[in-house]
Amino acid sequence: METFHGKSVLQGIAIGSLYVMEKKESTWTKHTIENAEDEVARFQKAREKAISELDELYEEALDQVGEENAMIFDVHKMMLEDMDYLEAIENLIRTEKVNAEYAVTVTGEEFSAMFSAMEDDYMRARATDVLDISGRVVRVLEGREEPGLHSKEPVIILADDLTPSETIAMDKTKILAFVTKHGSANSHTAILARSLNIPSLVNADVEITKEYHGMEAIVDGVTGTLFISPDAQTLETKRKEQAEIREKNEKLKLLIGQENITKDGRRINLYANMGNVEDVEKVLTNDAGGIGLFRSEFLYLGRDTFPSEEEQFEAYKEVASRMGGKKVIIRTLDIGADKKADYFGLDPEENPALGYRAIRICLTRKEVFRTQLRAIYRASAFGTISIMFPMIISVEEIRRIKDFVEEIKAELKAEGTAFGDVELGIMIETPAAALVSGELAKEVQFFSIGTNDLTQYTLAIDRQNQKLEEFYDSHHPAVLKLIEMTIQSGHKEGIWVGICGELAADDTLTETFLDMGLDELSVSPTYILRLRDRIRNIG
Ligand code: PEP
Ligand code: MG
134 METFHGKSVL
144 QGIAIGSLYV
154 MEKKESTWTK
164 HTIENAEDEV
174 ARFQKAREKA
184 ISELDELYEE
194 ALDQVGEENA
204 MIFDVHKMML
214 EDMDYLEAIE
224 NLIRTEKVNA
234 EYAVTVTGEE
244 FSAMFSAMED
254 DYMRARATDV
264 LDISGRVVRV
274 LEGREEPGLH
284 SKEPVIILAD
294 DLTPSETIAM
304 DKTKILAFVT
314 KHGSANSHTA
324 ILARSLNIPS
334 LVNADVEITK
344 EYHGMEAIVD
354 GVTGTLFISP
364 DAQTLETKRK
374 EQAEIREKNE
384 KLKLLIGQEN
394 ITKDGRRINL
404 YANMGNVEDV
414 EKVLTNDAGG
424 IGLFRSEFLY
434 LGRDTFPSEE
444 EQFEAYKEVA
454 SRMGGKKVII
464 RTLDIGADKK
474 ADYFGLDPEE
484 NPALGYRAIR
494 ICLTRKEVFR
504 TQLRAIYRAS
514 AFGTISIMFP
524 MIISVEEIRR
534 IKDFVEEIKA
544 ELKAEGTAFG
554 DVELGIMIET
564 PAAALVSGEL
574 AKEVQFFSIG
584 TNDLTQYTLA
594 IDRQNQKLEE
604 FYDSHHPAVL
614 KLIEMTIQSG
624 HKEGIWVGIC
634 GELAADDTLT
644 ETFLDMGLDE
654 LSVSPTYILR
664 LRDRIRNIG
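Counting from 134, one number per residue, gives the positions in the sequence shown under our numbering.
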């Protein structure tokens, strides 16, 4: 048995097989080869492996997304059997005596250019596919694994680090736990793990090596421990503890349908944070009063193109309808910093957390903002939707947003498209916003305090930096003062104030927040009933 330690993101115990995700960068360069026939044989072997990968992907997709969507892998397989493509690669290896990686890449690019120039829409669409299959063969030639999670059984993922995009792209039903060597407890990957109710460790002192792949392991989120090949006694103890945690959670279910009220009669709303449409299920089963933070940017992650207005409309509509009239607060796109999508074409930055992100992108790339706002407003006809805007620092920004919102509403009205009454609010997650919250409160209908970023910016500590975790103190008096100031400013103008950062789930502060007069706490669905229990025992 080997024992490792990390920082726990969620209390809970997972037992299962390890799935090691190694990320290796491509390193090949063009070079001449000695024996062309050997190189052709090497290419053929890689091609066969690529075909068997595609067969597996086809089966996986068939199960998960149906035949129509799985077809793409069949098309890719056919392309890898196309004689013109294969001959072009082999000819290049034989005539120029170049390595297979180079021959495949160049041929892929040539075929892609040829497809792009075609009249027929279907053929033009093959331009990216041929690049895709060529990339697959090159990866196999280099001996690199396919990125992502490809397992039939639920597993414990062991990785160097995971970005939110990578996490979003995985099939969540196949994840028992995450353990990463890097990463901080305040990152969005950690937040995702919490919202999925998956025990996870970050910053773990374990080496990420293929040797661990398939081995049995235990992730103990209570003590922050990873056991690899646990002995029989540890397994037995942890199984018992796991059962106890499950029993405790079952007991909490008795609180479903009960009020969030203290013994001395103080009430507070308990809402849920979510990022994916599928999360609504957990929001409902945990009896949240509404959705206090729908991180809409997750709809933009783990994909290659912008989600269309229609796609977003369908997502927001489904959430609003399923919530059956309960409030759904959609936070507009907060992309940037650790939440990246290549197709945005964002330049690398020296200080991404202080950079071009969130509302700054929306206010300067109006086409992106327009698509999202139209989708949200259209969906508002199907439930109770509010919108909140992230990373606000000034009254001027809110006025610009409101002008644009009016434009969108006028556009929809002129088209005869229905939309509902939508409350507008902002996140208070910069010290600037907290300090001018008195003025901001006159402009909007609610405030939601984002303590993750508010802590980062108030203390000047990068929330992503694992080395700084001991200094990242959300209980710092400066943070608590800004929270209190925001609540007072909001109430003075008669608007409600909530917290949707991770601090909302910290039950050592629940009483303090109640004393401050806070109106709402928005937390991962997992924490709703625990907090209800806490609240009902106060006073
Ligand atoms: C926050 O900053 O507290 C917040 C809720 O937003 P995010 O964690 O998505 O940045
Ligand atoms: Mg934030």
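Glycine is no exception: its CB is placed at the ideal position from the N, C-alpha and C atoms.
Problem set entry | Helix, strand or coil at Tyr-191 [DSSP, three-state] | Here the question's residue 191 lines up with position 58 in the sequence shown. Three-state DSSP puts Tyr-191 in a helix.
Exercise. Between the segment 481 to 495 and the segment 455 to 470, are three or more C-beta pairs nearer than 8 Å?
Worked result: yes
Problem set entry | N-terminal and C-terminal residue of the alpha helix (DSSP H) that Tyr-255 is part of | Here residue 255 refers to the residue found at position 122 of the sequence shown. Per DSSP, Tyr-255 belongs to the alpha helix (DSSP H) from 254 to 274.
For this session: State whether the segment 135 to 154 contacts the segment 277 to 291, with contact taken as three or more CB pairs (one from each stretch) at a distance under 8 Å.
Result: yes
For this session: Below 8 Å CB to CB, which residues in the same chain sit around Ser-362 once its five sequence neighbours on both sides are set aside?
Result: Taking the first residue of the sequence shown as position 1, residue 362 is located at position 229. Excluding positions up to five away in sequence, the list reads Met-134, Glu-135, Met-348, Glu-349 and Ala-350.
For this session: Helix, strand or coil for Glu-172, going by three-state DSSP, please let me know.
Result: The residue labelled residue 172 in the question sits at position 39 within the sequence shown. Helix.
Problem set entry | CA nearest to the CA of Glu-193, picked from Ser-284, Asp-254 and His-138 | Within the sequence shown, residue 193 is the residue found at index 60, counting from 1. Minimum Cα distance to Glu-193 is reached at Ser-284.
Problem set entry | Residues bridged to Asp-397 (per DSSP) | Translated into positions along the sequence shown, residue 397 becomes position 264. Paired residue(s): none; Asp-397 is not in a bridge.
Exercise. Can you tell which of Leu-615, Arg-507 and Phe-427 has its C-alpha closest to the C-alpha of Pro-523?
Worked result: Against the sequence shown, residue 523 aligns to sequence position 390. Considering only alpha carbons, the answer is Phe-427.
Problem set entry | Inter-residue spacing [alpha-carbon to alpha-carbon] between Ile-184 and Arg-272 | Numbered from 1 along the sequence shown, position 51 holds the residue referred to as residue 184. Numbered from 1 along the sequence shown, position 139 holds the residue referred to as residue 272. If I take the Cα positions, the gap works out to 13 Å.
Exercise. Using the beta-carbon count (16 or more within 10 Å), is Lys-384 buried or exposed?
Worked result: As a working note, residue 384 is residue 251 in the sequence shown. Exposed: under 16 other Cβ atoms inside 10 Å.
For this session: Report all residues for which the CB-ligand distance to some heavy atom of ligand 1 is below 7 Å; order them along the chain.
Result: His-321, Ile-324, Leu-426, Arg-428, Asp-467, Pro-523, Met-560, Glu-562, Gly-583, Thr-584, Asn-585, Asp-586, Leu-587, Cys-633, Gly-634 and Glu-635
Exercise. Arg-428 by DSSP, collapsed to three states: which one?
Worked result: What you label residue 428 is simply residue 295 of the sequence shown in a count that begins at 1. Correct three-state label for Arg-428: strand.
Exercise. So Met-521 packs on Gly-558, CB below 8 Å; how close in whole Å?
Worked result: As a first step, residue 521 is located in the sequence shown; it is residue number 388 there, counting from the start. As a first step, residue 558 is located in the sequence shown; it is residue number 425 there, counting from the start. Yes, Met-521 and Gly-558 are in contact; Cβ-Cβ is about 4 Å, under 8 Å.
Problem set entry | Cβ neighbours of Lys-230 in the same chain (closer than 7 Å, five flanking residues each side left out) | Position 97 of the sequence shown, counting from 1, holds the residue named residue 230. Cβ within range, chain order: Thr-165, Ile-166 and Ala-169.
Exercise. To the nearest angstrom, how far is it from the Cα of Leu-207 to the Cα of Glu-214?
Worked result: Counting from 1 along the sequence shown, the entry for residue 207 is found at position 74. Counting from 1 along the sequence shown, the entry for residue 214 is found at position 81. What sits at residue 207 in the sequence shown is Asp, not Leu. Distance between the alpha carbons of Asp-207 and Glu-214: 11 Å.
Problem set entry | Neighbourhood of Phe-431 by C-beta distance below 7 Å, restricted to the same chain and skipping five residues each side | Taking the sequence shown and counting its residues from 1, one reaches residue 431 at position 298. Contacts found: Ile-301, Gly-408 and Asn-409.
For this session: Along the beta strand (DSSP E) that carries His-138, what are the first and last residues, could you check?
Result: What you label residue 138 is simply residue 5 of the sequence shown in a count that begins at 1. Counting along the chain, the beta strand (DSSP E) containing His-138 begins and ends at 135 to 138.
For this session: Identify whether Ser-141 lies in helix, strand or coil by the three-state DSSP scheme.
Result: By 1-based counting over the sequence shown, the position of residue 141 is 8. Of the three classes helix, strand and coil, the one that applies to Ser-141 here is strand, per DSSP.
Exercise. Taking C-beta to C-beta, are Leu-282 and Leu-662 nearer than 8 Å?
Worked result: Locating residue 282 in the sequence shown gives position 149, counting from the first residue. Locating residue 662 in the sequence shown gives position 529, counting from the first residue. The answer is no: Cβ separation not under 8 Å.
Exercise. Which residues in the same chain have their Cβ closer than 6 Å to the Cβ of Ile-394, if we skip the five residues on either side of it in sequence?
Worked result: Looking up residue 394 in the sequence shown gives position 261. Closer than 6 Å at the Cβ level, and outside the excluded window around Ile-394, lie Arg-400.
For this session: Check whether the Cβ atoms of Ala-310 and Gly-139 lie closer than 8 Å to each other.
Result: The residue you call residue 310 lines up with position 177 of the sequence shown. The residue you call residue 139 lines up with position 6 of the sequence shown. No, the Cβ-Cβ distance between Ala-310 and Gly-139 is not below 8 Å.
Exercise. Enumerated in chain order, which unbroken segments of the alpha helix (DSSP H) with a length of 4 residues or greater are wholly contained in the segment 289 to 316?
Worked result: 297 to 302
Problem set entry | 8 Å contact criterion, which Ala-565 and Ile-526 should meet: CB distance rounded | Locating residue 565 in the sequence shown gives position 432, counting from the first residue. Locating residue 526 in the sequence shown gives position 393, counting from the first residue. About 4 Å separates the two Cβ atoms, so the contact holds.
For this session: Starting from the Cα of Asp-339, find the closest Cα among Thr-261, Leu-325, Thr-358 and Ala-179 and give me that residue.
Result: Taking the sequence shown and counting its residues from 1, one reaches residue 339 at position 206. First, the residue type needs correcting, since residue 339 is Val and not Asp in the sequence shown. The option with the nearest alpha carbon to Val-339 is Thr-358.
For this session: Pair every Cβ in the segment 441 to 460 with every Cβ in the segment 473 to 485, then say whether three or more of these pairs are closer than 8 Å.
Result: no
Exercise. Is the segment 321 to 338 touching the segment 603 to 612 in the sense that three or more CB pairs, one from each, lie closer than 8 Å?
Worked result: no
Exercise. Quick one: what's Leu-645 bridged to in DSSP?
Worked result: Here the question's residue 645 lines up with position 512 in the sequence shown. According to the sequence provided, residue 645 is Thr. The question's Leu does not apply to it. Answer is none; Thr-645 lacks a bridge partner.
Exercise. Can you tell me whether Asp-254 is buried or exposed, with buried defined as 16 or more other CB within 10 angstroms of its CB?
Worked result: For this step, residue 254 is matched to residue 121 along the sequence shown. Its Cβ having fewer than 16 others within 10 Å, Asp-254 is exposed.
For this session: Please name the residue or residues paired with Asp-554 in a DSSP beta bridge.
Result: Numbered from its first residue, the sequence shown carries residue 554 at position 421. Partner(s): none; Asp-554 has no beta bridge.
Problem set entry | Phe-244 burial status per 10 Å Cβ neighbour count (16 or more: buried) | Residue numbering aside, residue 244 sits at position 111 when the sequence shown is read from its first letter. Label assigned to Phe-244: buried.
Exercise. Which residues share a DSSP beta bridge with Arg-464?
Worked result: As a first step, residue 464 is located in the sequence shown; it is residue number 331 there, counting from the start. Note: Arg-464 sits in a beta bridge opposite Arg-428 and Met-521.
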